[in-house]
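As structure tokens, the structure follows; a few thoughts come after it.
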Amino acid sequence: MSYSEQISNDDQQFEFTARISYERFYSENTSWGVYSFNTTDQLPNCQKITAHKDLFGDEHEDTFVGTLTGRMQQLCIGSEYKITATYKDDKKYGPQYVPITVYALAPQTVEDSKIFLKSLIPESVADSLLAVYPNVVNDVADGKLDTIDFSKVKGVREKTWKKIKDKIIDNYLISDIITLLKPLGVTFTMIKNLLSNEPNPGLLKQKIETNPYYLCSMKGFGFKKVDKLALKLKPELLESRERCIAFISYYLAEIGENDGHTWCSVDILKAAVEDSAPECIDVFDGVLENNSFLHQYENRIGLKLYYNLEMKILSIIQERLNKQSPVPIENDKIEAGIAKAEHEQGFSYTDEQKAIIRSILTQSISFVTGKAGTGKSSILRGIIRAYSLANHNISACALSAMAAQRITEATDYPAMTIHRTLGCHGPNKFDYNKDCKLISPVVLMDEASMVNVQIFLAWLEAIGDDTKIIICGDYKQLPPIGFGNIFSDLIHCLPKENINELTKVMRQAEKSGILTDANLIRDNKNPITEVLTSKKLVHGELQDMYYMFRDTRDSLHQLALKMFFSAVESDGVDNVGIAVPRREGCLNSAYELNKDIADVLLKDEKKSISFGEKEFKLGCKVVQTVNDYDRNVFNGEIGYITFIGEDMSGKKPVTYCEVTYQSFGPKVEKDVGLVFDEDNNIVYEKQDKVIRYEGSELADLDMAYALTTHKMQGSSRKTVICVIDNTHYKLLDNCMLYTMLTRAKKRCLLCAEPQAFYKCLNTSNNARSTWLSTIKRKGK
């Protein structure tokens, strides 16, 4: 066995001081880098060089040259680092050292500072800066120097100074923080995320050292990991108030974000403390009695932030409830709008629907709800037509792009996501807010059950006092992702006369097995009276609801694929979808089904683009999974990969793809401008939008043949194949199954394990412990 194999197998660690001589590769997205270094420490399999000049012309004797490869912060050429690493003899790339810790050594001399600065600016400019500020690197790293006198330094202006300052912070101060947080497995990328919350690295480091539990307030840092680090840094925190507060804050935030609850009982909270931080139980009562971050009422306790947000929403709505509509509309316009909508739809409204349309048009704020088939989308068309005839603009929106598109399909009126409506340019950063209101006489939110507390409040606060508000949804669908259950709570706590609830199923819907069975499931009733067999069961006068039960997950998987390809042949790929509870992690997840579908649909396609385990072929149907404010593409938008190629404009070729999305916007003709119809309404049309993706940006995409029920909520397909089995156990309830089935417009095929189906029927999961849910409806 060779010496290099010996040390590789033993995983021996080496500590050495090295100066970086060359950056071969570095990715800010993955924090992966490859650097050449020089060191005076003798290391195995490092080439020894006796008289040489480095990149900067400096002479070195008896130095060793090696390669550093792995995850680390971006290193500066010419800078010196204290490195702990293991040796690896890579079969393809040869000998290399894999970093464990890389700590930047602050320059000890002006010459060291010059070496660092020469990697950023010309040598003459570095000399000019050091002549005035000889300790510039250390002073910036210590937070003593924020800006300089540009008149005294030749060649340095604000843009160049910012570049220098940012590099000093990245190289020296952030290096300190990474070393401090190494036990947590913190990467350079995670440090950058921390700095987005606390942009001053010096202050961030001070906060962490003073109270390590400060990290629990940051996304991605769980209590258990932070607790280990905190007790290692400051063992005296074991029984402390700080530790107890950190756990309570973390626990209440966790049950909020994961389960939707904005409070729990004091007994449950105390039991959680006894389980995870038992040493703090003696200070528990004291924390509850003397705190500023909790709200407690009787035996209920939760984060004050959650309570305040819920009560703010209730306050805004209550102020509007008893006011006259700020946008009055004449009776003749109301009746004309109803008549026009009926003509367009080809059927008449029921008496209940007409009464609700009239009621909504006279209220200051209106809530509309009802079960599947009662015509919620249909009455929105009548409302929109009435306002249009009265020359009132409407700002229509929904949480997801698919839900917004469904408004357009149902009403022939343009709609946008809530984020686009508010001019979102970052998490919880909106152009339209409480200080800058939306300019629209009427605003409409559909699929309101999907909207969490924070987004709901942001939308409400952006609405002016002279604007009419309409909020529509089905409170028995899946509750929102995140804390709260705002639409359902408002439906149940506001006075009944302010809630417009549709109760009668439309005649067309009565024939549908999909809607009939879905509404039974909505009420936890079993729609199946037959004996369950492996044979197909078909329900409804329209023969549109199919049940296919299987005992194994693999047989369900194969059945779903078979049904999908069969439906695509008759309906087309855009009109067929698979709905599942889970995104990944099991056989019948969206991820696994999508892979198998793409392998068949695109089997002959050679061009593809990959990131991590994701591979997308040319022509693949994809969905955007996060809001990307910079590129104007939002969660839920569906498109196709229409191009894959290489960009040769940079130093290295970059593989990228283009996704074409369809949006909805005003029709514009050359030399004419906006196009109007015969009733003087703006004509809208589908429009293409092309977004480029490369590298880690592909992480924002998933294939879109199969989607989770949450992702599909608010949208619909002609044919939907629903798949549930017991690996989805935690997600199985009647709200999930009800929402899943009602995504289908013409045909629904449920492929299920019998136990999973009965689990859904016997479980209600729409109720959440929220502050609004505790408010009794007046007169109830």
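Going by full-length UniProt numbering, the first residue of the sequence shown is number 1, and it counts up by one from there. In this text, a Cβ means the ideal position worked out from N, Cα and C, and glycines have one as well. The structure presented is a predicted model; accordingly, all values stated were derived computationally and were not measured.
Separation of residue j from residue i, as counted between CA atoms
i           : j           : result
residue 349 : residue 516 : 19 Å
residue 447 : residue 397 : 9 Å
residue 657 : residue 641 : 7 Å
residue 783 : residue 568 : Because residue 783 is not part of the residues shown, which for the chain are 1 to 780, the question remains open.
residue 423 : residue 434 : 13 Å
residue 577 : residue 709 : 11 Å
residue 739 : residue 438 : 31 Å
residue 772 : residue 302 : 13 Å
residue 512 : residue 549 : 21 Å
residue 31  : residue 75  : 11 Å
residue 340 : residue 384 : 10 Å
residue 490 : residue 26  : 51 Å
residue 317 : residue 463 : 11 Å
residue 728 : residue 581 : 6 Å
residue 505 : residue 198 : 53 Å
residue 676 : residue 510 : 38 Å
residue 212 : residue 205 : 10 Å
residue 589 : residue 744 : 19 Å
With 16 other Cβ atoms within 10 Å as the buried cut-off, status of residue i
i           : result
residue 40  : exposed
residue 760 : buried
residue 646 : exposed
residue 402 : buried
residue 533 : exposed
residue 781 : The shown model of the chain, from 1 to 780, leaves out residue 781, and the question about it has no answer.
residue 487 : buried
residue 648 : exposed
residue 507 : exposed
residue 529 : exposed
residue 292 : exposed
residue 373 : buried
residue 688 : exposed
residue 353 : buried
residue 220 : exposed
residue 404 : buried
residue 170 : buried
DSSP state of residue i mapped onto helix, strand, coil
i           : result
residue 45  : coil
residue 261 : coil
residue 433 : strand
residue 637 : coil
residue 800 : Given a span of 1 to 780 for the chain in the structure shown, any question on residue 800 remains unanswerable.
residue 16  : strand
residue 361 : coil
residue 346 : coil
residue 241 : helix
residue 776 : coil
residue 569 : helix
residue 221 : coil
residue 648 : coil
residue 281 : helix
residue 198 : coil
residue 625 : coil
residue 683 : coil
residue 136 : helix
residue 480 : coil
Given residue i as reference, the closest of the options once Cα atoms are compared
i           : options            : result
residue 768 : 261, 112, 597, 139 : 261
residue 409 : 718, 86, 20        : 718
residue 481 : 118, 259, 117      : 259
residue 583 : 692, 723, 634, 689 : 723
residue 514 : 539, 505, 287      : 539
residue 299 : 289, 308, 652      : 289
residue 639 : 366, 650, 606, 625 : 625
residue 610 : 699, 526, 686, 588 : 699
residue 21  : 44, 63, 43, 12     : 63
residue 737 : 478, 366, 620      : 478
Distance cut-off 7 Å: residue i Cβ against heavy atoms of the ligand SAH
i           : result
residue 701 : With respect to the ligand SAH, the structure shown offers nothing to examine, as it has no ligands at all.
Practice task
Would you check if the stretch 102-109 and the stretch 68-83 touch, i.e. whether three or more CB-CB distances between them fall below 8 Å?
Solution key: yes
Problem - At least three beta-carbon pairs within less than 8 Å, the stretch 346-360 to the stretch 371-383 - result: Counting Cβ pairs under 8 Å, three or more are found: they touch.
Handout entry: Any 3 or more C-beta pairs closer than 8 Å across the stretch 463-480 and the stretch 249-256
Key = No, the stretch 463-480 is not in contact with the stretch 249-256.
Practice task
Check whether the stretch 451-462 touches the stretch 225-242, counting contact only when three or more Cβ pairs, one atom from each stretch, lie closer than 8 Å.
Solution key: no
Practice task
Please determine if the stretch 301-313 and the stretch 321-329 are in contact, where contact requires at least 3 C-beta pairs separated by less than 8 Å.
Solution key: no
Practice task
Evaluate the contact criterion for the stretch 110-124 versus the stretch 156-174: three or more CB pairs, one atom per stretch, below 8 Å.
Solution key: yes
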